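One structure is given below, encoded as structure tokens.
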Amino acid sequence: MTTIRLERDASMMVLDSPDFICHTGLPNPQATAPKESEATATDGITHRDVQVTNVFKYVEDMITSNTMERQFVRLVWIRLTTILDRFDEVIKSDRRTRRLDKNQGKRNASIAIKIHQESISAQRSAIKWRRRIARRWTLLTNGSPFLAIALSHRAETLINTKATS
Numbered sequence: 004m005t006t007i008r009l010e011r012d013a014s015m016m017v018l019d020s021p022d023f024i025c026h027t028g029l030p031n032p033q034a035t036a037p038k039e040s041e042a043t044a045t046d047g048i049t050h051r052d053v054q055v056t057n058v059f060k061y062v063e064d065m066i067t068s069n070t071m072e073r074q075f076v077r078l079v080w081i082r083l084t085t086i087l088d089r090f091d092e093v094i095k096s097d098r099r100t101r102r103l104d105k106n107q108g109k110r111n112a113s114i115a116i117k118i119h120q121e122s123i124s125a126q127r128s129a130i131k132w133r134r135r136i137a138r139r140w141t142l143l144t145n146g147s148p149f150l151a152i153a154l155s156h157r158a159e160t161l162i163n164t165k166a167t168s
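Using this note's numbering, the first residue of the sequence shown is number 4, and each one after it goes up by one.
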């Protein structure tokens, strides 16, 4: 099994060929979970937790890095989908526990995009584009790290193509 460790600040990302585990500060959903009665939706993480900002910054650095092989960046895209799904759970939990106001017109996705945008100082359209690319890679590979690495560069061209209509 090949393991690649990339360390930066307090965050660490571990890419394992078979299962692609990523410890980025947010709880790993594949980790051994406590009994169902003891489990909480977010394990104490809130939408304004500094770990959330650090995760988004770290993932952004990896995606925009010119030193990583493109195949490994694809793995980061797939992992970003998992991180975004987990962050949506955090926002839902914060709304249920009233740590986050239920403003009209502000759905969970809108709040997630705003916090992601503030974390990496990017335009809203760029954040939406990143989320779209991450979902496309996840759908194309069905979350499989092997497929993400094995696919040709033509798949990357297809994924990164913007719709013209």
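Where is the CB? At the ideal position from N, CA and C, for every residue including glycine. If you're wondering where the values come from, they're calculated on a predicted model, not measured in any experiment.
Cβ neighbour criterion (16 or more within 10 Å) applied to Asp104: exposed
Buried/exposed call for Leu87, threshold 16 Cβ in 10 Å: buried
Boundaries (first-last residue) of the alpha helix (DSSP H) holding Glu121: It spans 111-123 - the alpha helix (DSSP H) in which Glu121 sits, taken as one unbroken run.
Which listed residue (Thr85, Ser128, Trp140, Arg101) has its alpha carbon closest to that of Thr160: Trp140
DSSP three-state assignment for Asn1, whether helix, strand or coil: Absent from the structure is residue 1, since the part of the chain shown begins at 4 and ends at 168.
Assigned secondary structure, Glu72 (DSSP; H/G/I helix, E/B strand, else coil): coil
Asp97, DSSP secondary structure in three states: helix
Which of helix, strand or coil DSSP assigns to Leu154: Correct three-state label for Leu154: coil.
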